[in-house]
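All remarks here apply to the structure that follows.
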Amino acid sequence: MAENTSPAITMTCEVCSEYYTDPLMLPCLHSFCKKCLIKAKEKQGSADTSLKCPTCDTSVNLPDGKIEGLTQNLWFEHKSKEASIKKKITNKEAVLCDECSVDDSSDAAVVYCCDCHVQQ
1 MAENTSPAIT
11 MTCEVCSEYY
21 TDPLMLPCLH
31 SFCKKCLIKA
41 KEKQGSADTS
51 LKCPTCDTSV
61 NLPDGKIEGL
71 TQNLWFEHKS
81 KEASIKKKIT
91 NKEAVLCDEC
101 SVDDSSDAAV
111 VYCCDCHVQQ
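As numbered in full-length UniProt numbering, the sequence shown has no gaps in its residue numbers, which increase by one up to the final residue, 120.
As structure tokens, this is what we get:
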């Protein structure tokens, strides 16, 4: 049986080494946090309408010259959020629901069984 030699997919940005936040995908198929790409563009100079990929140095023409025109990587966004929640659960940290995390609340989400209603 053939061995799986495909590279492991990591849910962390290669620039900031943290879980992706607002991941954007470049045409070379590398993804980065939006904030990391904004910083990379600022380093290059604001007049430039292209961006060099931080991983492979491919020059990318930005739609309308803006980072915001790049494609969102929704798969990475979902998987990164999932990995972050799993890490918090493993470390017994408070896990906030989407509504509470937007409001900067410190109330933890509660999980309970739909059959017996026991809280976990």
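For every residue, glycine included, the Cβ atom is placed at its ideal position computed from N, Cα and C.
Going by DSSP, what residue range makes up the alpha helix (DSSP H) through residue i?
i	result
Ser31	First-last for Ser31: Ser31 to Cys33, but that is the beta strand (DSSP E), not the alpha helix (DSSP H).
Asn74	The sequence shown places Leu at residue 74, rather than the Asn named in the question. From DSSP, the alpha helix (DSSP H) with Leu74 extends over Leu74 to Thr90.
Identify whether residue i lies in helix, strand or coil by the three-state DSSP scheme.
i	result
Lys52	strand
Pro23	strand
What is the rounded straight-line gap between the Cα of residue i and the Cα of residue j?
i	j	result
Ile89	Ala47	44 Å
Met1	Leu26	Unreliable positioning characterises Met1 in this predicted model, as indicated by a pLDDT of 49, which lies under 50. A coordinate reading is not provided.
Leu74	Pro54	20 Å
Asp22	Leu29	15 Å
Thr71	Asn91	33 Å
Ile38	Asp57	16 Å
Lys79	Glu18	13 Å
Can you tell which of the options has the C-alpha that lies nearest to the C-alpha of residue i?
i	options	result
Asn61	Thr49, Thr55, Pro54 and Ser17	Thr49
Tyr20	Thr71, Leu26 and Thr12	Thr12
Ile67	Cys33, Val15, Ser80 and Glu77	Cys33
Leu24	Gly45, Pro63 and Lys87	Pro63
For the beta strand (DSSP E) that residue i lies in, which residues bound it at each end?
i	result
Val60	Ser59 to Asn61
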